[in-house]
Amino acid sequence: MVKVVAARVRLPVFSISHSESFQILSALPVPQPSSLVGSLAYAIGVAENKGLRALEEVYGLVRKSELLAARAKPFGEETAAPPLVPSALVVRRFRVADKAHESKEKGERKPIELLSNALSSGSFEDAKRIIEVKLVDAFYREYVMGIELLCLWVFKSWAPPEHVVRLIHRLGDTESLCTVTDVTISESQLLKKRLVETSFPAPWLEGVRVVEGSYYPVKLCNEVRELTLYIVPLRIEVERRNGLRYSTIRSASVTIDYGSEVTVCETKWGDLVIGR
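Here the working numbering is used: the first residue of the sequence shown is 2, the next is one more, and so on.
This is how it looks when you write it as structure tokens:
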């Protein structure tokens with residue numbers, strides 16, 4: 002028997018950057034395993050006053066196969082749950098705290114000095130130009146609007162207590178604030194299966210074949226931050242309402258034939274593939 006920690010997480014917007022994107026960071030539709038490991042490590046670090054040391058300790062649990070898996074999906078059934086929606090919100094970064102205090106050549110006035118002079122003299126157009134031209138970088142971040150996610154962590158024996166999991170306050174970047182509304186800790190079985198039906202991200206292993214269901218193939222960072230190809234069961238569609246068209250992301254279920262037996266954790270929310 003293993004222990005399954007399940008957290009129902011409510012969040013207005015979140016951004017988990019695509020692992021292979023650069024500068025213009027497109028957002029993943031659901032948190033990747035490494036993000037869930039990092040969020041849990043943060044909560045443990047706060048609860049036990051360990052700070053960043055907790056992250057290495059949690060990675061140690063993964064390497065010792067004590068933390069077997071961390072996965073997330075939109076909360077609710079396929080038809081009943083509100084969809085996730087790619088947001089029109091995009092964060093653009095202005096480097097006032099660091100780049101503004103640097104000069105490219107010796108004797109050249111720093112941007113922060115030029116900005117201060119422009120504001121003091123009321124030259125707001127010049128101030129705007131300095132901020133939007135000299136102090137902007139190529140970093141953009143996309144967001145996904147959501148209602149609730151279901152996040153699972155599967156432990157071999159030990160599991161963090163409920164009050165620790167409730168300390169998770171963000172998923173993704175520093176603006177992706179969230180609230181844990183419910184936590185359950187239960188015991189489940191590990192079974193061997195060849196044919197698996199799941200609604201959680203599942204590793205794309207050699208010989209795999211998706212028999213049925215809608216899915217999104219994408220590379221995610223696994224529990225130890227290794228880039229791995231996953232089958233993410235989702236329906237990504239363009240819907241139309243009140244004359245407007247917009248993309249929606251809904252939970253889905255897929256049937257996967259792995260060609261040989263894989264280890265699966267049975268939960269009340271469906272099977273979760275651990276690996277071979």
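C-beta: ideal position from N, C-alpha, C; glycine also. Treat the numbers as computed from the prediction; the structure is a model and nothing was measured.
Buried versus exposed call for residue i [16 or more other C-beta atoms within 10 Å across all chains shown]
i	result
residue 35	buried
residue 46	buried
residue 10	buried
residue 176	exposed
residue 173	buried
residue 225	exposed
residue 98	exposed
residue 190	exposed
residue 40	buried
residue 239	exposed
residue 185	exposed
residue 241	exposed
residue 243	exposed
residue 252	buried
residue 218	exposed
residue 212	exposed
residue 32	buried
residue 277	exposed
Backbone CA spacing between residue i and residue j [nearest angstrom]
i	j	result
residue 13	residue 110	42 Å
residue 273	residue 257	12 Å
residue 117	residue 201	52 Å
residue 65	residue 59	10 Å
residue 207	residue 129	54 Å
residue 197	residue 112	58 Å
residue 270	residue 4	14 Å
residue 19	residue 122	43 Å
residue 195	residue 259	5 Å
residue 28	residue 149	17 Å
residue 220	residue 205	9 Å
residue 38	residue 152	11 Å
residue 183	residue 126	49 Å
residue 53	residue 222	19 Å
Closest Cα partner of residue i within the set the options
i	options	result
residue 144	41, 15 and 167	15
residue 236	75, 54, 226 and 6	75
residue 234	6, 43 and 73	73
residue 215	83, 178, 250 and 96	250
residue 158	187, 104, 151 and 136	187
residue 85	255, 247, 2 and 276	247
residue 42	152, 31 and 56	56
residue 170	69, 181, 209 and 263	181
residue 203	70, 17 and 52	70
residue 63	125, 193 and 156	156
residue 105	136, 95 and 124	136
residue 209	8, 263, 149 and 148	263
residue 147	77, 222 and 276	77
DSSP three-state assignment for residue i, whether helix, strand or coil
i	result
residue 194	strand
residue 174	coil
residue 8	strand
residue 204	strand
residue 105	coil
residue 269	coil
residue 74	strand
residue 112	helix
Below-8 Å beta-carbon distance, residue i vs any chain B residue
i	result
residue 257	Note that chain B does not occur in the displayed structure, where there is just one protein chain.
Query raised in the report: Where are the alpha helix (DSSP H) runs, 4 residues long or more, that stay fully inside the segment 25-70, in chain order?
Result: Fully enclosed alpha helix (DSSP H) runs of 4 or longer: 34-48 and 54-64.
Report task. Report the residue ranges of all alpha helix (DSSP H) runs contained in full by the segment 114-169; include only those spanning at least 4 residues, in chain order. Result -> Every unbroken stretch of the alpha helix (DSSP H) spanning 4 or more residues and falling wholly within the segment 114-169 is given here in chain order: 125-130 and 163-166.
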